[in-house]
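The structure under discussion appears below in the form of structure tokens.
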Amino acid sequence: MMGKLLMRGLIVGLLAGILAFPIARIFGGPPVESAIAIEEQARTAAGEAGEEPMVSRDVQRTVGLGAGLLAYGAAIGGILTLVTAFAVGRVGSISPRATAATVAGLGFISVVLVPGLIYPANPPAVGNPETIGYRTQMFGLTLLFSLAAMVLAVAAARRLSASFGSWNAAVAAAIGYLAVVAVIRLVMPYVNEVPDVFPAIVLWQFRVASLLIQAALWSVIAVGIGVLAEREFSLRGFGASRVKLAHR
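The opening residue of the sequence shown carries number 10 in the working numbering; numbering runs sequentially from there.
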């Protein structure tokens with residue numbers, strides 16, 4: 010069953026990547042093009058020769074963008090499918106579809122939203138090329154800390170629910186997670202490499218578009234995996250048995 014679910018989760022992720030492509034083109038394309046134009050103008054003003062890209066912009070904005078979204082969607086779809094299959098019956102007496110939505114929601118918060126708020130995405134012409142390795146490491150550490158804090162929060166909610174009820178346990182776990190996120194923000198170094206002359210509206214549009222693309226892709230995956238999990242576990246009768254085990 011796991012192999013079949015994983016394969017279907019990969020397919021759902023690919024479908025999510027396809028559906029996210031027009032959103033990326035419509036909302037992400039304009040600020041990227043504006044940022045590239047600003048970067049080229051800055052090079053011209055500084056008397057620097059423009060470098061011919063290894064891959065043309067037409068290929069980047071079509072084939073390259075599509076391939077990236079497909080690969081990312083398939084990876085997220087596969088991971089969320091496995092986590093959802095494990096979590097059914099272990100996060101309270103909720104349906105497999107609700108479990109998939111919960112897993113996707115918590116994953117989006119810990120993997121996309123929190124790291125993205127601490128180290129937001131930057132368009133071309135923003136960021137020092139010499140510090141890209143350092144910035145990547147800081148983002149990766151933030152992602153790991155956020156994900157670990159979310160796992161601990163879920164474990165704490167499960168443990169506390171027996172004594173304080175599911176709602177109170179969830180609220181306490183959420184507060185604990187937010188407290189950890191606040192500590193992460195205080196501990197991790199600030200990185201601000203946005204040029205003073207870079208238009209704020211372009212930066213804002215790019216970051217909003219990045220978050221919108223991620224939200225659309227994760228939402229489609231959550232819905233798709235929820236439908237698959239509901240059907241698979243209901244047919245095999247695993248949903249009820251796991252819910253019973255969760256209360257033992």
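All residues carry an ideal CB built from backbone N, CA and C; glycine is no exception.
- Comparing alpha carbon positions, the residue from Val217, Pro39 and Ala182 closest to Pro129 is Val217.
- One thing to note: Ile222 has its Cβ no nearer than 9 Å to the Cβ of Ala134.
- An exposed status is given to Pro138, since fewer than 16 other beta-carbon atoms sit within 10 Å of its beta-carbon.
- Apart from the 5 residues on each side of it in sequence, Ile103 has no Cβ closer than 6 Å to any other Cβ in its chain.
- By the neighbour-count criterion, in which 16 or more other beta carbons inside 10 Å mark a residue as buried, Thr108 falls on the buried side.
- By the C-beta density criterion, Arg194 is exposed, having fewer than 16 other C-beta atoms within 10 angstroms.
- Considered as a whole, the stretch 115-183 harbours 123-127 and 141-173 as its complete alpha helix (DSSP H) runs of no fewer than 4 residues, in chain order.
- In this structure, DSSP gives Phe207 a state outside helix and strand, which the three-state scheme calls coil.
- A direct Cα-to-Cα measurement between Glu202 and Trp227 gives close to 29 Å.
- Rounded to the nearest whole angstrom, the CA to CA distance from Phe36 to Val211 is 11 Å.
- For Ala80, the uninterrupted alpha helix (DSSP H) segment begins and ends at Leu74 to Ala96.
- With fewer than 16 other Cβ atoms from the protein chains shown falling within 10 Å of its own Cβ, Gln50 counts as exposed.
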